[in-house]
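Scroll down for the structure; my scribbles are underneath it.
Numbering (our numbering), first residue to last: 5 to 280.
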């Protein structure tokens with residue numbers, strides 16, 4: 005598990021492209037029959053990817069968490085972005101199709117990840133946050149996530165938002181997770197931009213063509229920067245940073261949050277005229 009520490013927005017003003025990518029971009033989440041994780045000190049979220057092709061993978065704490073098992077003091081949300089997956093939680097199996105989500109609460113000891121069919125292997129993206137109480141394991145399909153249609157073709161941001169783990173969906177301690185899918189011909193997400201100083205956010209961009217790239221906007225509103233992101237790469241977005249993006253084609257991304265507030269609408273909008 006890679007560990008990344010927090011950064012100071014004043015210092016980030018001096019970062020070059022390489023340093024920005026080292027701090028905020030997660031490039032290699034998926035390797036066959038491996039679980040790869042990044043522990044960020046922003047609200048102590050763990051961002052990870054699992055690619056069980058032929059092997060069944062076990063979610064383990066390792067030395068980083070200093071706990072007996074991964075979910076001893078944590079909760080986790082899994083999003084399926086590949087072939088059918090089987091997640092077994094303390095002996096109970098859950099089958100996920102693409103864009104299904106499984107929430108697993110604090111206290112579950114044995115979590116195993118596998119593909120239902122090795123010829124069409126599963127890919128799982130997950131985010132884990134600290135938890136102070138136990139909530140039940142629950143799965144939600146894409147159809148059950150009450151899709152919300154927003155934006156317009158005229159502003160290049162026609163999109164569908166699927167909310168899975170939040171106050172009115174799957175209950176959790178502090179983790180929130182959902183998916184936004186941009187329609188064909190739309191390329192902008194989260195514009196006008198916003199920030200929420202009370203919680204951090206992580207993004208995974210996926211369902212992109214090999215040559216498609218996202219220009220992910222970050223930084224303080226008066227000191228914006230960008231990261232060029234390829235398919236199935238993730239972003240760590242600090243509480244002090246805006247998070248917005250534009251692609252060379254349409255795409256889908258998973259957003260997840262952890263921190264102070266458990267209110268999806270807790271955000272401070274930054275108009276384009278205020279950004280530099």
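Backbone N, C-alpha and C fix where the C-beta goes; we use that ideal spot for every residue, glycine too. Every value quoted in this text rests on a predicted model; they were computed, and no experiment measured them.
Residue of the options minimising C-alpha distance to residue i
i           : options               : result
residue 245 : 131, 40 and 274       : 274
residue 157 : 13, 219, 191 and 5    : 191
residue 169 : 44, 148 and 11        : 148
residue 131 : 265, 260, 264 and 243 : 260
residue 183 : 145, 119 and 17       : 145
residue 113 : 217, 63, 128 and 228  : 63
residue 285 : 230, 271, 269 and 104 : Here the chain has residues from 5 to 280 only, and residue 285 is not among them.
residue 105 : 143, 28 and 176       : 143
residue 53  : 98, 38 and 69         : 38
residue 205 : 72, 196, 153 and 265  : 265
residue 174 : 236, 160 and 109      : 109
residue 135 : 160, 47 and 97        : 47
Neighbour-count burial assignment, residue i, 16 or more Cβ in a 10 Å radius
i           : result
residue 277 : exposed
residue 162 : buried
residue 181 : buried
residue 115 : buried
Reduced DSSP category for residue i - H, G, I as helix; E, B as strand; rest coil
i           : result
residue 75  : helix
residue 69  : helix
residue 137 : coil
residue 2   : This structure leaves residue 2 out entirely; the chain is present only between 5 and 280.
residue 50  : strand
residue 3   : Only positions 5 to 280 of the chain appear in this structure, which leaves residue 3 out of reach.
residue 216 : coil
Beta-bridge partners of residue i, as assigned by DSSP
i           : result
residue 259 : 182 and 207
residue 116 : 62 and 92
residue 98  : 91
Cβ shell of residue i (< 8 Å), same chain only, five flanking positions each side left out
i           : result
residue 151 : 164, 165 and 166
Within-8 Å CB hit, residue i to chain B
i          : result
residue 64 : Of the protein chains in this structure there is only one, and it is not chain B.
Contacting residues, own chain, Cβ-Cβ under 6 Å from residue i (five flanking each side not counted)
i           : result
residue 185 : 164 and 256
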